[in-house]
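Below is one structure, written out as structure tokens; comments come after it.
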Amino acid sequence: MRRPTKVINRKVGSVRIFKITGRLDPGDASDPLFDAVQSFIEQDEIDFLLDLRSVTYISSTGVGTLIKCYRAVLKKKGHVKLLSPSQSVRNILNISKLDGVFEIYADEDAALASFQKA
4 MRRPTKVINR KVGSVRIFKI TGRLDPGDAS DPLFDAVQSF IEQDEIDFLL DLRSVTYISS
64 TGVGTLIKCY RAVLKKKGHV KLLSPSQSVR NILNISKLDG VFEIYADEDA ALASFQKA
């Protein structure tokens with residue numbers, strides 16, 4: 004039995020930060036990250052920072068989750084940015100060319116400041 008992905012969120016200013024822990028691999032089960040992002044979009048929140056430093060593995064469906072979140076937020080003219088992806092996640096983002104789609108930050112303060120300019 005795989006350990007489920009943990010998604011914890013907090014808000015700093017107008018930015019909702021999601022700390023994702025474990026495997027980003029929703030498979031056939033529910034998709035906790037997308038479900039959480041969708042629920043905040045419905046509450047008119049549109050700026051999201053996904054903290055990926057504790058993600059140990061990302062599957063193709065996990066990549067799909069990132070894309071679904073990005074597209075849902077983009078429709079509302081918001082932003083999804085990534086914080087500190089682990090090396091394995093960074094490799095997948097690079098291979099899938101998503102490192103050119105998402106803004107990726109190593110520092111939370113710099114990432115949060117970038118939303119003020121957006």
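Per this note's numbering, the sequence shown starts with residue 4, numbered consecutively. C-beta: ideal position from N, C-alpha, C; glycine also. Since the structure is predicted, the reported quantities are computational estimates derived from the model, not experimental observations.
Simplified DSSP assignment, three categories, for Phe37: helix
Separation of Ile70 from Lys100, as counted between CA atoms: Spanning the two alpha carbons is a distance of roughly 12 Å.
Own chain partners of Phe43 with C-beta closer than 6 Å, once the 5 adjacent residues on each side are dropped: Here the set comprises Arg19.
Same chain, Cβ closer than 7 Å to Glu48, five either side skipped, listed in chain order: Arg19
Start and end residues, beta strand (DSSP E) containing Phe51: Asp50 to Ile61
Cutoff 6 Å; reference Ile61; Cβ partners in own chain excluding five residues on either side: Here Ile61 has Leu27, Val92 and Ile95 as same chain residues with Cβ atoms under 6 Å from its own Cβ, once five neighbours each way along the sequence are excluded.
Helix, strand or coil at Lys84 [DSSP, three-state]: strand
Beta-carbon separation (whole angstroms), Ile23 vs Leu55, contact threshold 8 Å: With 8 Å as the limit, Ile23 and Leu55 qualify as a contact, their Cβ atoms being about 6 Å apart.
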